[in-house]
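Just so you know, we're using full-length UniProt numbering here: the sequence shown kicks off at 1 and counts up by one. The structure appears below as structure tokens.
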Amino acid sequence: MPDLWISTDACGLGPYRSDLLETYWKWEQDPFSMLGHGRRVPLSLEHRKDWLDRQLKDDGQIRFTVYDLASATPVPAGFAVLDLDHTRQTAEYALLVAPKSRGKGLGRHATRLTVDYGFHVSGLHAISLRVLTPHVTARAIYRACGFREAGRLRSAGVWLGARCDEEVMDMVPADFVGPSMVSRYINSSPIQA
Numbered sequence: 001m002p003d004l005w006i007s008t009d010a011c012g013l014g015p016y017r018s019d020l021l022e023t024y025w026k027w028e029q030d031p032f033s034m035l036g037h038g039r040r041v042p043l044s045l046e047h048r049k050d051w052l053d054r055q056l057k058d059d060g061q062i063r064f065t066v067y068d069l070a071s072a073t074p075v076p077a078g079f080a081v082l083d084l085d086h087t088r089q090t091a092e093y094a095l096l097v098a099p100k101s102r103g104k105g106l107g108r109h110a111t112r113l114t115v116d117y118g119f120h121v122s123g124l125h126a127i128s129l130r131v132l133t134p135h136v137t138a139r140a141i142y143r144a145c146g147f148r149e150a151g152r153l154r155s156a157g158v159w160l161g162a163r164c165d166e167e168v169m170d171m172v173p174a175d176f177v178g179p180s181m182v183s184r185y186i187n188s189s190p191i192q193a
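Here's what the structure looks like:
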């Protein structure tokens, strides 16, 4: 049973895991994942291993494995990242949902949980993200979670071989769509700070 740091009934976040290297790598090589993240070149497993080794030691990022909790045993279903800017107390958010886990609402749950953690545990002032404008599903998920459009980078991306805009979205704590699972956990703890 994996460690879960924060969860809802449907989705949980746990630590980024070196034993899931090949799983993460396969998810990242999925054509839709590459398209949605603006990547044009697949990575070798060896390159991904070197990258994972650096990521696991980097205190400038908060990385979670996303779990689908629909069955009795949590199933790895993606990962979420907060790339921290310690000076500004902000972070840039990124999410990848595994191909077999898409369409179940996990993107929305994982986004809410990650943002909740960022604001209520890490004390971030703002969280931003970038999304290609043709990626309608991702944009809808982010809006439903409280992100707002902060601007556009014209022709900054490529979608199916054509130039497209990249939307910059952000959220501050006042935009957070509750309830906070972090607050619920802390308030239900027998030992409160």
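Glycine included, each C-beta is placed from N, C-alpha and C at the ideal position. Quick caveat: nothing in here was measured; it's all calculated off a predicted structure.
How big is the Cα-Cα spacing for Lys-49 and Trp-27?
14 Å
Measure the alpha-carbon distance for His-135 versus Pro-190 and round it to whole angstroms.
43 Å
Could you check the C-alpha separation between Gly-178 and Arg-184 for me, to the nearest Å?
10 Å
Nearest to Arg-102 by CA position, among Pro-76, Pro-42, Phe-64 and Ser-180, is which residue?
Pro-76
Integer-rounded CB distance, given that Phe-79 should sit under 8 Å from Tyr-24
6 Å
In chain order, each alpha helix (DSSP H) run of at least 4 residues that lies wholly inside the segment 94-171:
106-120 and 136-144
Is it buried or exposed for His-125, if we count other Cβ within 10 angstroms and need 16 for buried?
exposed
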